[in-house]
Amino acid sequence: MEATIPSTGESAQVATEPEQPKVKISIQNVYKIFGKNPEKARELLEQGMDKDEILDGTGQVVGVADASFDVHEGETVVVMGLSGSGKSTLIRCVNRLIEPTFGKIYIDDQDITELSIDDLRALRREKFGMVFQSFALFPHKTVVENASYGLEIQGVDRETRFQKAEEALALVGLKGWGAYYPENLSGGMKQRVGLARALAVEPDVLLMDEAFSALDPLIRTDMQDELLSLETQVQKTILFITHDLDEALKMGDRIVLMKDGGIEQIGTAEEILTQPATEYVAKFVANVDVTKVLTAEDVMKKPQPVAFVKDGPRTALRKMREAGLSGIFVVKQSNWELLGHVTAERAVEAAKKADKWLDEITSRDECATVPPDEPVRNIFPLVAENNNPVAVMDEQHRLRGIVVRGSVLAALAEREGGDTQ
Amino acid sequence: MMGDIIPRIPLAGWIDAFLNWLTGAIAGVTRAIAALMRVGIGRLEDGLLWPPEWVIVILIGLLGWRFGGRKVALGSALGMVFIWNLGLWEPTMSTIALVVLATLIAMLLGLPIGILGGLYETIYQILRPILDFMQTMPAFVYLIPAIPFFGLGAVSALFSTVIFSIPPVIRLTSLGIRQIDRELIEASDAFGSTTMQKLIKVQIPLAKPTIMAGVNQTIMLALSMVVIAAMIGAGGLGGEVWRAIQRLRPGQGFEAGIAVVVVAMILDRITQKIGAASKAV
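First to last, the sequence lines map onto chains A and B.
All residue numbers for the first sequence refer to our numbering, where the first residue is 664 and numbers rise by one.
All residue numbers for the second sequence refer to our numbering, where the first residue is 68 and numbers rise by one.
If you want it as C-alpha cells, here you go:
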C-alpha cells in the first residue's frame, strides 16, 4: 500500500478539488411571488426595485426573486439568510410544497415544475426526505410509526416498514425508542426521529428546513456533528436551510446567501468569508469567529526541511542548521509517512555515538499531530504548549504540513486585513 | 311610521310562499322519509323498552365505566335508577331514542360537511354565515316548518332537532382540521401522501379531540331541542313537562325537568370522556 503512493513535498499542498459529480438539483431563475399580479412584480424586480418597494407599490409579496444555483450529487448546500430572506420558500419550491411562480427546477434533469400532481407525488416519495424546524412529528403516532410514515404511504407492508424504520432510528442513535410517543422525547431526540423519518425512505435528497434551529446550542452542535458523520456513511445530497452563519459554515460544502428573496453570494465557506461579494455579505460575516472556520490545512506551512530516516544524525543536523531549526520531523522517504521528531540535542548525541540511523532517537511522543480539517481554534493550545511545531497528518499518516505559532497568527491577521479593506 | 315612507317588506309572506311551494314540490319525498323515520324511531324506542330496566341501567353504567371510569359509571347508574324510581322510565327512553337518532343523523351529515369545510377555504367561507344563522335562530322557529313536511309527532321533532344540533359538529370538525399545525400537513405532503392518506392518517386523527367536542355539543343541543320539540308532539320527557305546564302542576314539571338534567349529565360526562380519551393518545 505504501509503495503505491509516490509522494513528494508537493503532496503537502492543499489537495485539489475532485471532479465535480453530476448535478442533482438545478434551480434556474426561480421566482415566488405571492399575489395576483406576479408579472408586474417581476418586471419591477428586473427594474431594480426591492421587495419593500414592490409590496408598497403593488401589494405583491416577493418570496424568492430570480434564484439560480445547482446542487451536485453528494454535496451539502446550505441556503442561509435571515427571516424573510426567502430561504424557506425556496426549499419548499424544490419539492413544490410551494409552487414556484416562474422558473425551472430540475431534479436529475427532470423539470419538476411541469409534473402532474400524480407524478409529483411519485417524485416526492422516491427522491425526497424532509426534516422540519419544529420537527413536525405526528403526535398520535409512536416513534417507529412516525419514522415509517413515508414507507406507510408508499404501501410498504407493516413488518418491512417497521424494520426499515428501526434501522433508520438506530442510525440516528434511537435504538429501542420505537414504542414511545413523541411527547416523551426531548427536543434533540424528536429531531432525530424527524431525521430517521426522512432517512427511512432512502431518499436521494435530504431537505432540511432549519432542522436544528429549535434545539439548544449544545444539542445543536451534537446534531450537526452527527449529520456530518452520517453524511459520510449515507452519501446524500443535502439542501440545508439555516439562519445561523456558524451552522452554515460548518455544514455547507457551499453556501448560498440570500437576502430579500434574492441570492447575494454563492461560494464555499472560505470564499464567503474572504471574498464577500456584496457589502451585505461582508457585514454578515464580519463577526464570524474565523478560528472556527479556518482549518489546519488553511494555515499550515510546507514541512521543509524534513529528515528522512536513513539520513543519519549528521545530515539531519546539517538540515537543521541550514534552516535555523532546533528540531526536525522525520518521515519515510517513500511516502512521507510521519515517524516522529528529532531535536538537535539528541542528534548531536547520536552523532557522537556514531549512530547510523535516526530511528533510535526519533520520538513519536514529542510531536503533536492534528488532522488537516482540525479547526484552528483547537490548534492554538497545542501550539502554545509545544515548543515544537504541530504536525498536520492525514489519514494515511502522511505529513501534510506543519503549523507553527507564527503561521496561525499570520493567517488570522491576513483575514482581519481582508475584512477591513 | 316607517311603513309610510318605505312599504313594509313582506318577508313573512315570501318565506311562507317558499315553504308552501317546497312542501308541495317534495311532499312525496318528505312523507316517505317521515314514514321511514317513524318506523326507525319506533323500533329504537321499542328496543330500549324491551329489556328489563336493570339491564339498561347496567348497560349505561358499563358505558360510563368504559369511557369515564368508576365515578362516571356509578353516577350514571344511580341517575338511571333515580329516573326509574320516579316512574319516568318510558318517556326517558323515548327521549334518549330521539337524541341518539338525531345525533347519529347530525354526525352522518355534519362530519363530511365539516371535513369539506376544513379542507377547502371556499366551503368554509360559505358555511360560516349559514352556521351562525342556524345557531342564533331561536330554537322554536325550526318547529314550525317541520310540521308541513313531516306532520305532528316524533319525525318533525327529529327533523328540527337535527337542524338545530348540527352546527357544532360541522363547525368544530372544520376547525379541528383547519387548526392542525401547518408543518404537520407539509410533512405529510412532503412524503408524497395522497389527499385521502393525509386525511385519514393525519388530519382526522389529529382533529379528533376537537371533533369529539363538537359531537358532545351536538348531543347536548339535541337533548335540549328534543325537550322543546314536545310542543309539536315529540313526547318523551319534554312531553311530561309540557303536560305539567298545561295542567299547572309544578311538582310533576320539576320531576320531568330533573330527569332531563340527569340524562344530560350522563350523556355529557360519557361523551366528554370519549373526547378527552382520544386527546390523550
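C-beta atoms are modelled at their ideal positions from N, C-alpha and C, and glycine is treated no differently.
Check, Outcome
"Interface partners of B/Asp256 on chain A, CB under 7 Å", "Leu760"
"Where A/Lys1016 falls, given that 16 or more other Cβ within 10 Å makes a residue buried", "exposed"
"Which listed residue (B/Ala326, B/Ile333, B/Val236 and B/Tyr191) has its alpha carbon closest to that of B/Lys159", "Correcting the residue type first, residue 159 of chain B is Thr in the shown sequence and not Lys. Ranking B/Ala326, B/Ile333, B/Val236 and B/Tyr191 by Cα distance to B/Thr159 puts B/Ala326 first."
"Contact under 8 Å by Cβ, A/Thr739 with A/Phe971", "no"
"Residue range of the unbroken alpha helix (DSSP H) whose run includes B/Ala301", "Unbroken run through B/Ala301: none, as it is neither H nor E."
"Near the ligand HEM: B/Met332 beta-carbon under 7 Å from a heavy atom", "This structure does not include the ligand HEM; it has no bound ligands of any sort."
"Against chain B: residues of the segment 805 to 828 of chain A by CB proximity under 8 Å", "Tyr812, Gly813, Glu815, Ile816 and Gln817"
"Beta-carbon contacts of B/Gly318 that lie in its chain and below 6 Å, excluding the five residues immediately before and after", "none"
"A/Gln854, buried or exposed, once every other Cβ within 10 Å from all chains shown has been counted against 16", "buried"
"A/Met793 and A/Ala861 closer than 8 Å at C-beta", "yes"
"DSSP state of B/Val330 mapped onto helix, strand, coil", "helix"
"Close-in-space but distant-in-sequence residues of the same chain around A/Arg1027 (CB under 6 Å, 5 per side omitted)", "Gly1003"
"Any C-beta of chain B under 8 Å from that of A/Arg787", "yes"
"Residue of A/Phe992, A/Val948 and A/Phe947 minimising C-alpha distance to A/Lys965", "A/Phe992"
"Cα-Cα separation between B/Leu194 and B/Leu266, rounded to whole angstroms", "20 Å"
"Neighbourhood of A/Gly1080 by C-beta distance below 8 Å, restricted to the same chain and skipping five residues each side", "Any reading at A/Gly1080 must be qualified, since the residue scores a pLDDT of 48, below 50, and its modelled position is unreliable; no value is offered."
"Inter-residue Cα distance where the pair is A/Ala959 and A/Asn1050", "18 Å"
"Cβ shell of A/Gln887 (< 8 Å), same chain only, five flanking positions each side left out", "Phe875, Glu910, Lys913 and Met914"
"Nearest to A/Gly749 (by Cα), restricted to the options A/His906, A/Ile717 and A/Asp961", "A/His906"
"Proximity test, Cβ basis, 8 Å: A/Val864 and chain B", "yes"
"A/Phe801 at chain B interface by Cβ criterion, 8 Å", "yes"
"Own chain partners of A/Arg788 with C-beta closer than 6 Å, once the 5 adjacent residues on each side are dropped", "Gln817"
"Closer than 8 Å to chain A by CB, B/Leu273", "yes"
"Contact with chain A by B/Gly146, beta-carbon distance below 8 Å", "no"
"For B/Arg75, the three-state DSSP class (helix, strand or coil)", "coil"
"Own chain partners of B/Ile125 with C-beta closer than 8 Å, once the 5 adjacent residues on each side are dropped", "Ala144"
"Beta-carbon proximity of A/Ala833 to A/Ala810, cut-off 8 Å", "no"
"Where the beta strand (DSSP E) through A/Val919 begins and ends", "Arg917 to Lys922"
"Exposure label - A/Val1039; buried when at least 16 CB within 10 Å", "buried"
"Local conformation of A/Gln928 per DSSP, three classes", "strand"
"Validate contact between the segment 794 to 804 of chain A and the segment 250 to 265 of chain B using beta carbons, cut 8 Å, 3 pairs", "yes"
"Which listed residue (A/Met983, A/Tyr812, A/Glu716 and A/Ile926) has its alpha carbon closest to that of A/Gly744", "A/Ile926"
"CB of A/Arg705 within 8 Å of CB of A/Phe765, strictly", "yes"
"When A/Asp729, A/Ser892, A/Lys922 and A/Val856 are compared against A/Gly747, the one with the closest alpha-carbon", "A/Lys922"
"Three or more C-beta pairs below 8 Å linking the segment 146 to 162 of chain B and the segment 203 to 217 of chain B", "no"
"Start and end residues, beta strand (DSSP E) containing A/Tyr769", "Phe765 to Ile770"
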